[in-house]
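One structure is given below, encoded as structure tokens.
In full-length UniProt numbering, the protein residues as written are 1 to 270.
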């Protein structure tokens, strides 16, 4: 997700720095972003050449490189402690007018804002995977998020060619809450033998014109990610979000979807 967000802002004309945990991760991030940029140049989706885009892109391993940043988007894994650690370290080096955003898909923005010194300059910016191809960003307004910051976030999202929607901080926001509900029901249907994974997905892609079916989307997102979000929503909203036994079993078996080659589909054969 971080590479995709970097790609989107680069193509919009921004100077972008990605900070990773170590040199190997930084090198991998640079390779991913430049590969994605090269694909955009080849498709003609940008008027700039690879060299010009690469010149505005940097990677680092120290958050001190964010000292002059106008906006920092945190995109670490969906774990509260990791996000708190990243956000507090970044905020400590930012200027007073800089904005800080979390790409969380489910964690409470208010819970994250509670540990920050300047919560009025913090909100959620939930991007969707794959970022370059997605057309929407969910802006999550916390109780302390300043009105001017929300308007700035709208303008940033429009500047990268996407449509902003604004929601208040609530469990699962709008997109994750609806998406997970559909995905969990699809898994229950598969578990109960209602239909095959392919036919369940076809019901949504052909019948409801969804671009991708809920089971294939779960593979793309990652079954472990979906499980974590479902557990959080179940704790906050009740048993209707309780993860199906099939989902728990597949995660325990390491069948996490596209990233492991097997989930509800066999990705290494496609």
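For each residue, glycine too, the CB sits at the ideal point set by N, CA and C.
Sub-8 Å separation of residue 173 and residue 167 beta-carbons: Position 173 of the chain shown, counted from the start, is the residue given in the question as residue 173. Position 167 of the chain shown, counted from the start, is the residue given in the question as residue 167. Taking 8 Å as the cut-off, the beta carbon of residue 173 is found closer than this to the beta carbon of residue 167.
DSSP bridge partner residues for residue 73 (one or two, in chain order): Here residue 73 is taken as the residue at index 73 of the chain shown, counted from 1. According to DSSP, which records beta bridges pairwise, residue 73 is partnered with 101.
Where does residue 205 sit, in a helix, a strand or coil, going by DSSP? Here residue 205 is taken as the residue at index 205 of the chain shown, counted from 1. Assigned with DSSP and collapsed to three states, residue 205 falls in helix.
Ends of the alpha helix (DSSP H) at residue 243? The count along the chain shown starts at 1 and reaches residue 243 at position 243. Element bounds for residue 243: n/a, residue is neither H nor E.
Quick check for students: name the residue ranges of the alpha helix (DSSP H) that lie wholly in the stretch 92-166, counting only runs of 4 or more. Runs of the alpha helix (DSSP H) lying entirely within the stretch 92-166 and spanning at least 4 residues, in chain order: 109-113, 147-159.
Can you tell me whether residue 216 is buried or exposed? The criterion is at least 16 other CB atoms within 10 Å of its CB, across all chains shown. Here residue 216 refers to the residue found at position 216 of the chain shown. The residue is buried, with at least 16 neighbouring Cβ atoms inside 10 Å.
Straight-line Cα distance separating residue 223 from residue 211: Here residue 211 is taken as the residue at index 211 of the chain shown, counted from 1. Here residue 223 is taken as the residue at index 223 of the chain shown, counted from 1. Going from the Cα of residue 211 to the Cα of residue 223 covers about 19 Å.
Since residue 23 is in the alpha helix (DSSP H), which residue starts that stretch and which ends it? As a position in the chain shown, residue 23 is number 23, starting the count at 1. Segment 23-43, the alpha helix (DSSP H) holding residue 23.
Using only alpha-carbon positions, find the residue among 238, 195, 187, 207 that is nearest to residue 251. Looking up residue 251 in the chain shown gives position 251. Of 238, 195, 187, 207, the residue nearest in Cα terms is 187.
Separation of residue 106 from residue 232, as counted between CA atoms: Numbered from 1 along the chain shown, position 232 holds the residue referred to as residue 232. Numbered from 1 along the chain shown, position 106 holds the residue referred to as residue 106. Whole-angstrom Cα-Cα distance: 8 Å.
On the three-state DSSP scale, how would you describe residue 66? Along the chain shown, read from residue 1 onward, the residue named residue 66 stands at position 66. The answer is helix: DSSP assigns residue 66 an H, G or I state.
Based on Cα-Cα distance, which residue from 152, 190, 201, 129 lies nearest to residue 175? Residue mapping note: residue 175 aligns to position 175 of the chain shown, counting from 1. Measuring from the Cα of residue 175, the nearest candidate turns out to be 129.
Where residue 270 falls: helix, strand or coil (DSSP): Within the chain shown, residue 270 is the residue found at index 270, counting from 1. A caution first: residue 270 carries a pLDDT of 45, below 50, which makes its placement in the model unreliable, though a value can still be read off. Residue state, collapsed to three classes: coil.
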